[in-house]
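Residue numbers (this note's numbering), protein chains in the order written: chain A, 1 to 407; chain B, 1001 to 1407.
In this text, a Cβ means the ideal position worked out from N, Cα and C, and glycines have one as well.
Data block below; observations after.
2 protein chains.
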Amino acid sequence: MIKASPLARPLPDLPAIAGVTPRVARARYKIWDRCDLTFVTLDEGAAVAGVLTQSRCPSPEVEWCRAALPLGRARALVVNAGNSNAFTGNRGRAAVEAIAARAAAHIGCEPSDIFIASTGVIGVPLPIDKAEAGLDAAFSAPPCSWREAADAIGTTDTFPKAVVTRAAIGDRTVTLVGIIKGSGMIAPDMATMLGFIFTDAAIEPAVLQQMLSAANTRSFSCITVDSDTSTSDTVLAFATGKAGNARLTSIEDAGADAFAAALSDLCLQLAQLVVRDGEGASKFIEIAVEGAESDASAHRIALSIANSPLVKTAIAGEDANWGRVVMAVGKAGEPAERDKLSIRFGDTQVAQGGLAVEGYDEAPVAAHLKGQEVEIGVDLGLGEGRATVWTCDLTHGYIQINADYRT
Amino acid sequence: MIKASPLARPLPDLPAIAGVTPRVARARYKIWDRCDLTFVTLDEGAAVAGVLTQSRCPSPEVEWCRAALPLGRARALVVNAGNSNAFTGNRGRAAVEAIAARAAAHIGCEPSDIFIASTGVIGVPLPIDKAEAGLDAAFSAPPCSWREAADAIGTTDTFPKAVVTRAAIGDRTVTLVGIIKGSGMIAPDMATMLGFIFTDAAIEPAVLQQMLSAANTRSFSCITVDSDTSTSDTVLAFATGKAGNARLTSIEDAGADAFAAALSDLCLQLAQLVVRDGEGASKFIEIAVEGAESDASAHRIALSIANSPLVKTAIAGEDANWGRVVMAVGKAGEPAERDKLSIRFGDTQVAQGGLAVEGYDEAPVAAHLKGQEVEIGVDLGLGEGRATVWTCDLTHGYIQINADYRT
């Protein structure tokens, strides 16, 4: 892996999840010597839920998962790194079917019990022979650590990303582990990147889906690196039921709140790790909008700021150019009134009521911008709508990485 | 001025327009020794039309023009460069009123006959004393050339931008000259940048407005540098009537078509010059979308491609990464079907029917990308909707310019 992002976070201690066995292998989808195929098997009885990209040009993997999710059950997850297999027509579909068939044969299950995700360059069919050989190698390999799996699903990622949370359900403690990859082409709309969550909780697939969808709107849907939405975004959650808790069959059940909160917290932490590994990122930026006409309006205004190249480059340059925040609010196409608008950087109010605050002192703002964590607050003064999104700055590193990605 | 954009175009020969007198002066809005105040006077009887930013946080100049435009008459244009005066509350409004009053006093007209535009940093009130002294100096200065005016309205622009077109109305030839500034914060929605058009044609303001609005949708609304829409975007057209043509009082009049075509051509050329001066630009990119469900849908898909940082950086790197075009189509939120999508780079079809063309040869595409003019064609295969937009690539130059703009 290349030099870790300055915003990287160390991997926490990651416990095994009962009923989940990760393995990795070298399929060599690119000319590299690293594990790039991840094969996670699940004991019989695991529930699954997922959120998938809303792109109109989704990968065949996304279509496969979309078709399999309603069945609610999973026996394995296969992740290919280095080739997204997107926009590859019938050959791409054939590759997905071949992977599902081979994995199912190893395990002794239905192909529809196999979930598949791929990430990498668009437009090159995934080589079926490499995928099959990789699957065979993985299946006969010893189980690996979460760290190895988190490394194996990465592409331009600069550090492995994983989170653990826990929740009490009755007298049992259930554990959730999530691994995620993503660095560029990050602007999840209804879903995002490749993220995989494993828990030993016993929970009905429909309930897990309801909780995952809710968590998604407050986490993956609230981050952006570069406003570009992938063709392959996938988040899947697998629950093995091995914790022995009273099975959650409704969000009204005792312990459901605690589990939903742990899942939501996990998703938010995973999403923020992706921003921390944003291509070229040197600053982690939180944008909090309040006083909008609705939460949805606040969300769109926050994303307008977060996706503005001029706001992102100003922060990269540690330049307290708050006028660009005004610009981004103005262009969002949402209700806003210039003369009711307030803006703060960190704890410092910079503009209020349509102009700079009286006696505005840039020194504390400049000091805030020198840090790695930047906070921008916007109050529209119109209503009760609020939203928070996270992004990173736009630096030479982003250009370097993306002007020369395939070569 | 800094090093000219590699995409710069030489200034054409620009004729005087009867009834129009440009002058420039040093108001010194920034610490620089250059003309930054432009004062263009118009003989009595000139008609005016305009299109203005749709930003919800417009500058007081934009509000002033919006209020004055319905009167349809103009005696002068004042342009300040180096300070946009946007988001400056009452002090900004006071500056605009002071400029209008001073200019009107010099000319002997109503303040509402004065049109004002300012460009530069947001959030700093325009110093009234400098503006007034600059106006006085300009009024007593000799008339200047169009080139001097085109230079004086610029900020981060790297070359002066102007276009001339002509049209026959009956037995008279009318002339149109346009000057424009703009380089970053360019993503016109309904209007754009600062652009000023002068013609000796005799035409009713309402007809001029109708033609300008129509031309705008096919020119300024079809360019983007960085997806960021300014608080100050303004295009004004002034018609002095000195050409002696039969006054155009309707778009049905003889010669109206020719004039509208010349105006439209002028606007398109001006808009493309702004893209050619896009901050950090090294490639001029045309994106033509056809086969969409509607023209509006094609326009949104074209802008999704044109604003994609990943598409723009790939072109900067001369990388034939057409998968990113697929991604940008997919994320546009418009009707699209992956398996009907075709993509070409220059004259080379790269993808068709949902995958790369059989025997795809990257060599001609790579050769096309080495040039300064890049063409991307997308056919959605759904309907008759089409649109073309123009943009530039995203390079280190953009980051350099914008991470350090105010210092």
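* Asked: What do you reckon, are the CB atoms on Ser1232 of chain B and Thr1119 of chain B nearer than 9 Å?
  -> Yes, Cβ-Cβ distance for Ser1232 of chain B and Thr1119 of chain B is below 9 Å.
* **Any chain A beta carbon closer than 9 Å to Lys1130 of chain B** => Cβ-Cβ to chain A under 9 Å: no for Lys1130 of chain B.
* To do: Give the interface partners of Thr1383 of chain B over in chain A, defined as CB-CB distance under 8 Å, in chain order.
  => A small correction: the amino acid at residue 1383 of chain B is Gly; Thr does not occupy that position in the sequence shown. Within 8 Å Cβ-Cβ: nothing; Gly1383 of chain B doesn't reach chain A, min ~15 Å.
* Can you tell me whether Pro1309 of chain B is buried or exposed, with buried defined as 16 or more other CB within 10 angstroms of its CB? -> So Pro1309 of chain B ends up on the buried side.
* Verify whether the separation of the beta carbon atoms of Leu303 of chain A and Val389 of chain A is less than 9 Å. => A contact, by the Cβ cut-off of 9 Å.
* Straight-line CA distance for His1396 of chain B to Glu1279 of chain B? -> Going from the Cα of His1396 of chain B to the Cα of Glu1279 of chain B covers about 10 Å.
* For Arg1344 of chain B and chain A, any beta-carbon pair shorter than 9 Å? -> Judged by the 9 Å Cβ criterion, Arg1344 of chain B is not in contact with chain A.
* Asked: Should Leu212 of chain A and Ile197 of chain A be called a contact, given that it needs their Cβ atoms to be closer than 9 Å?
  -> Going by C-beta atoms, Leu212 of chain A is nearer than 9 Å to Ile197 of chain A.
* If you draw a straight line from the C-alpha of Leu1273 of chain B to the C-alpha of Ser1282 of chain B, how long is it? -> Answer to the nearest angstrom: the Cα atoms are 13 Å apart.
* **Under the three-state DSSP convention, the category Ser1219 of chain B falls into** => In the three-state DSSP reduction, Ser1219 of chain B falls in the coil class, being neither helix nor strand.
* Asked: By Cβ distance, which residues of its chain are closer than 7 Å to Glu362 of chain A, with the 5 residues on each side in sequence left out?
  -> By the criterion of a C-beta distance shorter than 7 Å, Glu362 of chain A is surrounded in its chain by Ala320, once the five residues flanking it on both sides are discounted.
* To do: Assign Ala191 of chain A to one of two classes, buried (16 or more other C-beta atoms within 10 Å of its C-beta) or exposed (fewer than that).
  => Low local confidence applies: a pLDDT of 41 at Ala191 of chain A is under 50, so the model's placement there is unreliable, with the coordinate-based value given in what follows. Taking a 10 Å sphere around the C-beta of Ala191 of chain A, we find 16 or more other C-beta atoms and assign the residue as buried.
* Is the beta carbon of Leu1236 of chain B sitting closer than 9 Å to the one on Ala1049 of chain B? -> Result yes, Cβ atoms of Leu1236 of chain B and Ala1049 of chain B sit closer than 9 Å.
* **Terminal residues of the alpha helix (DSSP H) in which Phe1139 of chain B lies** => Going by DSSP, Phe1139 of chain B is part of the alpha helix (DSSP H) stretching over 1128-1139.
* Asked: Does the beta carbon of Cys57 of chain A sit closer than 9 Å to a beta carbon anywhere in chain B?
  -> Output row for Cys57 of chain A: interface = yes.
* Please determine, among B:Asp1347, B:Thr1229, B:Ile1343, the residue with the shortest C-alpha to C-alpha distance to Leu1355 of chain B. => Ranking the options by Cα distance to Leu1355 of chain B, first place goes to B:Ile1343.
* Thinking just about the alpha-carbon of each residue, which of A:Ala214, A:Thr173, A:Arg324 is nearest to the one in Thr1229 of chain B? -> Measuring C-alpha to C-alpha distances from Thr1229 of chain B to each of A:Ala214, A:Thr173, A:Arg324 identifies A:Arg324 as the nearest.
* **Members of the stretch 222-248 of chain A that neighbour chain B once the beta carbon cut-off is set at 7 Å** => Those residues of the stretch 222-248 of chain A that come within reach of chain B (Cβ to Cβ, closer than 7 Å) are Asp226, Ser227, Asp228, Thr229, Ser230, Thr231.
* Asked: Given that a residue counts as buried once 16 or more other Cβ atoms are within 10 Å of its Cβ, and exposed if not, what is Pro111 of chain A?
  -> Counting Cβ neighbours within 10 Å, Pro111 of chain A comes out buried, since at least 16 surround it.
* To do: Enumerate, from N- to C-terminal direction, the unbroken beta strand (DSSP E) stretches of 3 or more residues contained entirely within the stretch 239-323 of chain A.
  => If only uninterrupted beta strand (DSSP E) runs of at least 3 residues are considered, those enclosed by the stretch 239-323 of chain A are 284-292.
* **Nonlocal neighbours in the same chain, by C-beta distance under 7 Å from Arg9 of chain A, ignoring five residues either side** => Once the five neighbours on either side are set aside, the close Cβ partners of Arg9 of chain A are Leu273, Arg276.
* To do: Determine the extent of the beta strand (DSSP E) in which Ala81 of chain A is found, giving its start and end residues.
  => Where Ala81 of chain A is concerned, the enclosing beta strand (DSSP E) stretches over 73-83.
* Are any of the Cβ atoms in chain B nearer than 9 Å to that of Glu97 of chain A? -> Not closer than 9 Å to any Cβ of chain B, the Cβ of Glu97 of chain A fails to qualify, so no.
* Could you name the residues of the same chain whose beta carbon sits closer than 6 Å to that of Trp1064 of chain B, not counting the 5 residues immediately before and after it, in chain order? => For Trp1064 of chain B, where only same-chain residues beyond five positions count, the Cβ hits under 6 Å are Val1096, Ile1116.
* Taking the C-alpha atoms as reference points, what is the distance between Asp1393 of chain B and Gln1400 of chain B? -> Taken atom to atom, the span from the alpha-carbon of Asp1393 of chain B to that of Gln1400 of chain B is near 14 Å.
* Compare the C-beta of Leu341 of chain A with all C-beta atoms of chain B and state if any pair is closer than 9 Å. => Chain B, which has a Cβ nearer than 9 Å to the Cβ of Leu341 of chain A, makes this yes.
* **the stretch 1282-1298 of chain B touching the stretch 82-97 of chain A, judged by at least three CB pairs closer than 8 Å** => With a cut-off of 8 Å on Cβ pairs, the stretch 1282-1298 of chain B is not in contact with the stretch 82-97 of chain A, counting fewer than three such pairs.
* Asked: By how many angstroms is the C-alpha of Thr1038 of chain B removed from the C-alpha of Gly1082 of chain B?
  -> Using only the alpha carbons, I get a separation of about 12 Å.
* Asked: Roughly how many angstroms separate the alpha carbons of Lys3 of chain A and Thr158 of chain A, rounded to a whole number?
  -> Roughly 6 Å separates the two Cα atoms.
* **Span of the beta strand (DSSP E) around Gln400 of chain A** => Counting along the chain, Gln400 of chain A falls outside any beta strand (DSSP E), though it belongs to the alpha helix (DSSP H) covering 396-402.
* Name the residue from A:Phe259, A:Ala168, A:Ile305 whose alpha carbon lies nearest to the alpha carbon of Gly333 of chain A. => By alpha-carbon distance to Gly333 of chain A, the top candidate from A:Phe259, A:Ala168, A:Ile305 is A:Ile305.
* Which residue spans inside the stretch 1089-1177 of chain B form an unbroken beta strand (DSSP E) run of at least 3? -> Runs of the beta strand (DSSP E) lying entirely within the stretch 1089-1177 of chain B and spanning at least 3 residues, in chain order: 1114-1121, 1161-1169.
* Asked: Alpha carbon to alpha carbon, how far is Cys35 of chain A from Arg23 of chain A?
  -> Across the structure, Cys35 of chain A and Arg23 of chain A are spaced so that their CA atoms are roughly 10 Å apart.
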